[in-house]
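Q:
Chains as they are written, first to last, in the numbering used here: chain L, 1 to 114; chain P, 115 to 225.
(1) Distance check for residue 45(L) and residue 84(L), CA to CA, integer angstroms please.
(2) Would you say residue 141(P) and residue 117(P) are within 9 angstroms of each other, going by their C-beta atoms?
(3) Measuring only the C-alpha atoms, how far is residue 11(L) from residue 53(L)?
(4) Which bits of chain L does residue 211(P) rub up against, with CB to CB less than 7 angstroms?
(5) For residue 25(L), tell me which candidate among 108(L), 93(L) and 66(L) has the shortest Cα-Cα distance.
(6) Tell me, which residues are paired with residue 56(L) by DSSP?
(7) Take residue 138(P) as the anchor and find which of 180(P), 185(P), 150(P) and 152(P) has the nearest alpha-carbon.
(8) Measure the C-alpha to C-alpha separation of residue 79(L) and residue 70(L) and round it to an integer number of angstroms.
(9) Hey, residue 136(P) and residue 187(P) are a contact pair by Cβ (cut 8 angstroms); roughly how many whole angstroms apart?
(10) Can you tell me where the beta strand (DSSP E) holding residue 92(L) begins and where it ends?
(11) Would DSSP call residue 196(P) helix, strand or coil?
(12) Please determine, among 77(L), 90(L) and 55(L), the residue with the shortest C-alpha to C-alpha distance to residue 30(L).
(13) Which runs of the beta strand (DSSP E), 3 residues or longer, sit entirely within the region 133-212 of chain P?
(14) If you draw a straight line from the C-alpha of residue 13(L) to the C-alpha of residue 72(L), how long is it?
(15) Checking 9 angstroms against the spacing of the C-beta atoms, do residue 169(P) and residue 99(L) come in under that value?
(16) Compare the beta carbon distance of residue 180(P) and residue 200(P) with 9 angstroms and say whether it is the shorter of the two.
(17) Does any CB atom of chain L fall closer than 9 angstroms to the CB of residue 208(P)?
(18) Beta-carbon separation of residue 77(L) and residue 60(L) under 9 angstroms?
(19) For residue 156(P), which residues in chain L fall below 7 angstroms Cβ to Cβ?
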């Protein structure tokens, strides 16, 4: 089954404790992206990757890091989480970048930073 | 700066009613997409419209792209509880631009 898998689905952590949210896709997609979803703000792009070893900032990259060492994996790293990073995070992949490709989303990771 | 606005923000209707939700921008978009997000899940693509004036139908859902490619609408006929969810529009000014999302319309269909 074609899917994007994120882990963990739920996480409560404390300020400053480094964490990683993993994302894996099995569709051989070149494009992957991370979004955060906050009430009234919709989905905002954090980072994206057009291919292996190619990453770029989205609209809200501050406080986040990513890496793309393998085509299927695109982890999101919070080096020193802060309460304003409490949010619902989605990983997505697509066969093409840009605005016409279909984005396939994971089920989301709800992060709470105390 | 590209910006997509959606209205209404919230909509609660009875089963069987018709409804229309809107997506507007001051910018011209090369294409617009509509996604539906059910509680606890990620968004799922419903449709992509690329030509000004284009109308696409998906069962009881009708999508229209404005002639000037600055707006889009989603009309649902005879809404059912299974239509409940968050409807997001998304698009880019060119096909190479990253997609941006509107804030969404949260629809609740009451049995």
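Cβ atoms here follow ideal geometry from the backbone N, Cα and C, with glycine treated the same way.
A: According to the data block:
(1) Mapped onto the first chain, residue 84(L) falls at position 84. Mapped onto the first chain, residue 45(L) falls at position 45. Here the C-alpha atom of residue 84(L) lies approximately 16 angstroms from the C-alpha atom of residue 45(L).
(2) Stepping through the second chain from its first residue, residue 141(P) is reached at position 27. Stepping through the second chain from its first residue, residue 117(P) is reached at position 3. For residue 141(P) and residue 117(P), yes; Cβs fall inside 9 angstroms.
(3) The count along the first chain starts at 1 and reaches residue 11(L) at position 11. The count along the first chain starts at 1 and reaches residue 53(L) at position 53. Straight-line Cα distance between these residues: approximately 28 angstroms.
(4) For the purposes of this step, residue 211(P) is taken as the residue at position 97 of the second chain. Within chain L, the residues near residue 211(P) are 98 and 99.
(5) In the first chain, residue 25(L) corresponds to position 25, counting from 1. Ranking 108(L), 93(L) and 66(L) by Cα distance to residue 25(L) puts 93(L) first.
(6) To locate residue 56(L), count along the first chain from 1; it is residue 56. Looking at the DSSP output, residue 56(L) shares a beta bridge with 48(L).
(7) For the purposes of this step, residue 138(P) is taken as residue 24 along the second chain, with counting starting at 1. For the residues 180(P), 185(P), 150(P) and 152(P), the minimum Cα distance to residue 138(P) belongs to 185(P).
(8) Translated into positions along the first chain, residue 79(L) becomes position 79. Translated into positions along the first chain, residue 70(L) becomes position 70. Answer to the nearest angstrom: the Cα atoms are 21 angstroms apart.
(9) Residue mapping note: residue 136(P) aligns to position 22 of the second chain, counting from 1. Residue mapping note: residue 187(P) aligns to position 73 of the second chain, counting from 1. Separation of the CB atoms of residue 136(P) and residue 187(P) is rounded to 5 angstroms, and the pair is thereby assigned contact status at 8 angstroms.
(10) For the purposes of this step, residue 92(L) is identified with residue 92 of the first chain, where counting begins at 1. Note, residue 92(L): beta strand (DSSP E), 87-94.
(11) To locate residue 196(P), count along the second chain from 1; it is residue 82. The three-state secondary structure of residue 196(P), taken from DSSP, is helix.
(12) As a first step, residue 30(L) is located in the first chain; it is residue number 30 there, counting from the start. For the residues 77(L), 90(L) and 55(L), the minimum Cα distance to residue 30(L) belongs to 55(L).
(13) Listed in chain order, they are 133-138, 145-151, 158-163, 169-172, 175-179, 185-190 and 199-206.
(14) As a position in the first chain, residue 13(L) is number 13, starting the count at 1. As a position in the first chain, residue 72(L) is number 72, starting the count at 1. Straight through space, the alpha carbons of residue 72(L) and residue 13(L) are spaced by roughly 27 angstroms.
(15) For this step, residue 169(P) is matched to residue 55 along the second chain. For this step, residue 99(L) is matched to residue 99 along the first chain. Contact: no.
(16) As a working mapping, residue 180(P) is identified with position 66 in the second chain. As a working mapping, residue 200(P) is identified with position 86 in the second chain. Contact: no.
(17) In the second chain, the residue the question calls residue 208(P) occupies position 94. Judged by the 9 angstroms Cβ criterion, residue 208(P) is in contact with chain L.
(18) Start at 1 with the first residue of the first chain, and residue 77(L) comes out as number 77. Start at 1 with the first residue of the first chain, and residue 60(L) comes out as number 60. Contact: no.
(19) As a working mapping, residue 156(P) is identified with position 42 in the second chain. Listed by position along chain L, the residues whose Cβ is nearer than 7 angstroms to that of residue 156(P) are 90, 105, 106, 107 and 108.
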